[in-house]
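First comes the structure, then the notes that go with it.
Protein chains in written order, with our numbering: chain A, 1 to 342; chain B, 1 to 386.
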């Protein structure tokens, strides 16, 4: 895929096709990601989508990268695509650092206590690192002499702790002790991009969970008719659809804002808050409609609901971003603020 | 997601942002001059014909209609920006709201040339007001069960008998587009035999009785028809097509920013409070509510853009109204959890007064224009469940 212009529909269908050979499985400390899926994606050029060709990426637009991430989220693909395509990759480039080979997975670390000395050596602990122990590269927010910087570090030889989120996705820590790194200025919107990336994943997962639940309600027979025929079930599904649709509209709008290069922080904050808040309704009612089978690992539902329960907490939860957004709206003229945010 | 529920993103509109700033400037000047005070839910309760006429004079009513009928041939996106600004400011827009939003477009579609020429310019000038004549004492959500009857007399006129309820501001309005039964109920086709009549509310035989809502306000009425003779040419659209026409009208009724901004004046008051206190719990609540509002705005903007494309997005409109009106009611409940201010219409604190207005009007948000249960039924149909 060396064409500069991607067809987003083609990107989606390609990712879907690749996903069909990679049924989601329960991640464990022994099987922490889907390395084979990543290899296939990389071979198809999909791990560099949205990153410019001249920098070593595959080219294409932000919309294409978002489509890759969303499609993988819908299929519970256990790979660091969101981190690489939407957060760390663009951040590395914005910091003026060389983009690692897109076939070598790259993640991002925004929390912990880290410093970089004048010689570019990284020291301290990065916590809650998505895909820790799996990725080759890490873009780390660290304290430099004059404030925060972005440090790109090769972690392929480092050990990470084996912490995981509710879905088993690695979320461990790295300890750095004077590890050499490439250092550049911290892109201002890094944390917002991370939040928006999780919101994109949440939106895609919620949409799929709704589709699965609608399908299940149409198939499952009780009292001699499909669940979907019961008005109480219809009300629950309609309410889920309202949440899913509202999240999708706001996440889309925030992505477009990013695409236009406009200030992202508050739009991303709103998208993350709204997407996170929808999980309560969507996951709860999906499980309620699916009944006991959805409460087991035998059914596919948990792959997405567990991710949703985790993703809403990651890259800043609703409380964190609601405070950021609330502080911006808390003015004498809140309406004037709100109409310029997204 | 089924395509029945999704809408394409709204392209940015410079014209809409330009008119938005003009309206904002106008509202700031009017507020400063004391010509109105901010209240919650003013598209129901804020009747001010003088204010409506000012909007008409500025070209902010009948915005999307053809110029030959007094309109301004602006886009739905521009109209959206104007209505949003008016609602956010809590301005008194109730007098003209129904006429501008749905009766005018209804007349444009189904009215005779004479009716259009006579009435539309007056609506656009903010001088002619309408009410919705749909619900009846025994027909709420089950609109097809209406019993108000119109029978042709020997002169070809309609003789109407029955009663309509929840007719907002009928006592200030000139016309009621009234859904009547023009053929006996057909048990095999519940939606047949209904028609819409354009009823002049000053016609002899019409009695308008007030029905007070929870805060004591007189907005609702019962409109009783006792052998009321309506000229034959006041049939709107096709005889027997009333159900179809009403359904199309409801898509307009359900899709606008008044379905999530009715309580915005309370949210604004709360934002000012949070700005003063910098209380973390208040800021977080303000952020959560703002995120919900921003999502609703995006949905509503998409509907405006779909209207500009000539679509009639009835199912997404039902969805937006369900989510939006739930939000309107939640604003009061969420705000009161993080402020210790008693809700009272007599409160010395503007936040207490706004809370009182929002709470006392809250039951209406999720009922008017189709209950949320009816709306979710429509969404369920969009999901392919019925």
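Beta carbons: idealized from backbone N, C-alpha and C, even for Gly. Every value quoted in this text rests on a predicted model; they were computed, and no experiment measured them.
C-alpha gap between residue 128 of chain A and residue 138 of chain B, whole angstroms: Numbered from 1 along the first chain, position 128 holds the residue referred to as residue 128 of chain A. Numbered from 1 along the second chain, position 138 holds the residue referred to as residue 138 of chain B. Distance between the alpha carbons of residue 128 of chain A and residue 138 of chain B is about 60 Å.
Please classify residue 230 of chain A: does DSSP put it in a helix, a strand, or coil? Against the first chain, residue 230 of chain A aligns to sequence position 230. Three-state result, residue 230 of chain A: coil.
So residue 377 of chain B contacts chain A; which residues on that side make the cut at Cβ distance below 7 Å? Mapped onto the second chain, residue 377 of chain B falls at position 377. The contacting residues are 234.
Can you pull the chain A neighbours of residue 323 of chain B, defined as C-beta to C-beta under 9 Å? Residue numbering aside, residue 323 of chain B sits at position 323 when the second chain is read from its first letter. The answer, in chain order, is 239, 242, 243, 245, 246.
How about residue 284 of chain B: is its C-beta nearer than 7 Å to some C-beta of chain A? The residue given as residue 284 of chain B occupies position 284 in the second chain. Cβ-Cβ to chain A under 7 Å: yes for residue 284 of chain B.
Ignoring anything shorter than 3 residues or poking outside the segment 113–151 of chain A, list the beta strand (DSSP E) runs there in chain order. Those beta strand (DSSP E) runs which fall completely within the segment 113–151 of chain A and span 3+ residues are 121–130, 137–144.
Opening and closing residue of the beta strand (DSSP E) in which residue 310 of chain A lies: Taking the first chain and counting its residues from 1, the one referred to as residue 310 of chain A is at position 310. Judged by DSSP secondary structure, residue 310 of chain A falls outside any beta strand (DSSP E) and instead within the alpha helix (DSSP H) spanning 301–311.
Please list the segments of the beta strand (DSSP E) lying wholly inside the segment 311–355 of chain B, counting only runs of 3 or more residues, in order along the chain. none
Taking DSSP's pairing of strands, which residues face residue 178 of chain B in a bridge? Along the second chain, read from residue 1 onward, the residue named residue 178 of chain B stands at position 178. The partner list for residue 178 of chain B (beta bridge, DSSP) reads B:133, B:197.
Using only alpha-carbon positions, find the residue among A:80, A:62, A:282 that is nearest to residue 39 of chain A. Position 39 of the first chain, counted from the first residue, corresponds to residue 39 of chain A. It is A:80 whose Cα lies nearest to the Cα of residue 39 of chain A.
Under three-state DSSP, which class holds residue 377 of chain B? To locate residue 377 of chain B, count along the second chain from 1; it is residue 377. Correct three-state label for residue 377 of chain B: helix.
Hey, residue 201 of chain B and residue 170 of chain B are a contact pair by Cβ (cut 8 Å); roughly how many whole angstroms apart? Here residue 201 of chain B refers to the residue found at position 201 of the second chain. Here residue 170 of chain B refers to the residue found at position 170 of the second chain. Yes, residue 201 of chain B and residue 170 of chain B are in contact; Cβ-Cβ is about 6 Å, under 8 Å.
Enumerated in chain order, which unbroken segments of the alpha helix (DSSP H) with a length of 4 residues or greater are wholly contained in the segment 206–256 of chain B? 242–254
Please return the same chain residues whose Cβ sits closer than 6 Å to the Cβ of residue 3 of chain A, not counting the five positions on each side in sequence. Position 3 of the first chain, counting from 1, holds the residue named residue 3 of chain A. Confidence in residue 3 of chain A is poor, its pLDDT being 45 and thus under 50, which makes the residue's placement unreliable; the coordinate value appears in the next sentence. Within the same chain, no residue comes within 6 Å of residue 3 of chain A by CB-CB distance, once the 5 residues on both sides are set aside.
Indicate the three-state DSSP secondary structure (helix, strand or coil) for residue 154 of chain A in the structure shown. In the first chain, counting from the first residue as 1, residue 154 of chain A sits at position 154. It is a strand residue.
Excluding sequence positions up to five away, which residues of its chain have a Cβ less than 6 Å from the Cβ of residue 339 of chain B? Start at 1 with the first residue of the second chain, and residue 339 of chain B comes out as number 339. Same-chain partners within the cutoff: there are none.
Let me confirm a value: residue 42 of chain B is counted as buried when at least 16 other C-beta atoms fall within 10 Å, else exposed. Which label applies? Taking the first residue of the second chain as 1, we reach residue 42 of chain B at position 42. So residue 42 of chain B ends up on the buried side.
Consider the Cβ of residue 327 of chain A: report whether some Cβ of chain B lies at a distance smaller than 7 Å. Locating residue 327 of chain A in the first chain gives position 327, where the first residue counts as 1. Yes, because at least one Cβ of chain B sits closer than 7 Å to the Cβ of residue 327 of chain A.
With residue 316 of chain B and residue 5 of chain B assumed to form a contact (beta carbons below 8 Å), what rounded beta-carbon distance in angstroms separates them? Taking the second chain and counting its residues from 1, the one referred to as residue 316 of chain B is at position 316. Taking the second chain and counting its residues from 1, the one referred to as residue 5 of chain B is at position 5. About 6 Å separates the Cβ atoms of residue 316 of chain B and residue 5 of chain B, confirming a contact at the 8 Å cut-off.
Please compile the residues from chain A whose C-beta is within a distance smaller than 8 Å of the C-beta of residue 198 of chain B. Taking the second chain and counting its residues from 1, the one referred to as residue 198 of chain B is at position 198. By Cβ distance, chain A contributes nothing, its closest Cβ being about 34 Å from residue 198 of chain B, past 8 Å.
At least one CB of chain A closer than 7 Å to the CB of residue 141 of chain B: is that the case? As a working mapping, residue 141 of chain B is identified with position 141 in the second chain. Put simply, the CB of residue 141 of chain B is far from chain A, with every gap to its CB atoms at 7 Å or more.
Consult DSSP for residue 139 of chain B and reduce its assignment to one of helix, strand or coil. Working through the second chain from its first residue, we reach residue 139 of chain B at position 139. Strand.
Hey, how far is the Cα of residue 198 of chain A from the Cα of residue 46 of chain B? Within the first chain, the letter at position 198 stands for residue 198 of chain A. Within the second chain, the letter at position 46 stands for residue 46 of chain B. The C-alpha of residue 46 of chain B is placed about 43 Å away from the C-alpha of residue 198 of chain A.
Ignore the nearest five residues each way along the sequence and tell me which others in residue 204 of chain A's own chain have a CB closer than 6 Å to its CB. As a first step, residue 204 of chain A must be located in the first chain, where it is residue number 204. Hits under 6 Å: 70, 73, 74.
With C-beta atoms as the reference, is residue 82 of chain A less than 7 Å away from residue 8 of chain A? For this step, residue 82 of chain A is matched to residue 82 along the first chain. For this step, residue 8 of chain A is matched to residue 8 along the first chain. It is not a contact, given that the beta carbons lie outside the stated cut-off.
Out of B:286, B:326, B:16, B:183, which one is the CA nearest neighbour of residue 81 of chain B? Translated into the one-based positions of the second chain, residue 81 of chain B becomes position 81. The option with the nearest alpha carbon to residue 81 of chain B is B:16.
Under three-state DSSP, which class holds residue 242 of chain A? Within the first chain, numbered from 1, the residue matching residue 242 of chain A stands at position 242. If DSSP states are grouped into helix, strand and coil, residue 242 of chain A belongs with the helices.
Is there a Cβ from chain B that is less than 7 Å from the Cβ of residue 93 of chain A? Here the question's residue 93 of chain A lines up with position 93 in the first chain. Not closer than 7 Å to any Cβ of chain B, the Cβ of residue 93 of chain A fails to qualify, so no.
Contact criterion: CB-CB distance below 7 Å. Does residue 2 of chain A meet it with respect to chain B? Locating residue 2 of chain A in the first chain gives position 2, counting from the first residue. Low local confidence applies: a pLDDT of 41 at residue 2 of chain A is under 50, so the model's placement there is unreliable, with the coordinate-based value given in what follows. Chain B, which has no Cβ nearer than 7 Å to the Cβ of residue 2 of chain A, makes this no.
Would you tell me roughly how many angstroms separate the C-alpha atoms of residue 219 of chain B and residue 208 of chain B, rounded to the nearest one? Counting from one through the second chain, the residue named residue 219 of chain B turns up at place 219. Counting from one through the second chain, the residue named residue 208 of chain B turns up at place 208. Between residue 219 of chain B and residue 208 of chain B, the C-alpha separation is close to 11 Å.
Where residue 189 of chain A falls: helix, strand or coil (DSSP): Here residue 189 of chain A refers to the residue found at position 189 of the first chain. The answer is coil: DSSP assigns residue 189 of chain A none of H, G, I, E or B.
Quick one: what's residue 161 of chain B bridged to in DSSP? Taking the first residue of the second chain as position 1, residue 161 of chain B is located at position 161. B:149.
Neighbour-count burial assignment, residue 211 of chain B, 16 or more Cβ in a 10 Å radius: For this step, residue 211 of chain B is matched to residue 211 along the second chain. Exposed, by the Cβ-count rule.
Which residues does DSSP pair with residue 106 of chain A in a beta bridge? Translated into the one-based positions of the first chain, residue 106 of chain A becomes position 106. A:137.
Of all the options A:76, A:59, A:19, A:192, which has the alpha carbon lying nearest to the alpha carbon of residue 307 of chain A? Against the first chain, residue 307 of chain A aligns to sequence position 307. Comparing Cα-Cα distances from residue 307 of chain A to each of A:76, A:59, A:19, A:192, the minimum goes to A:76.
Kindly list, in the order they appear in chain A, the residues whose Cβ is closer than 9 Å to that of residue 30 of chain B. Position 30 of the second chain, counting from 1, holds the residue named residue 30 of chain B. The premise fails here: residue 30 of chain B is roughly 15 Å from chain A at the closest Cβ pair, so nothing lies under 9 Å.
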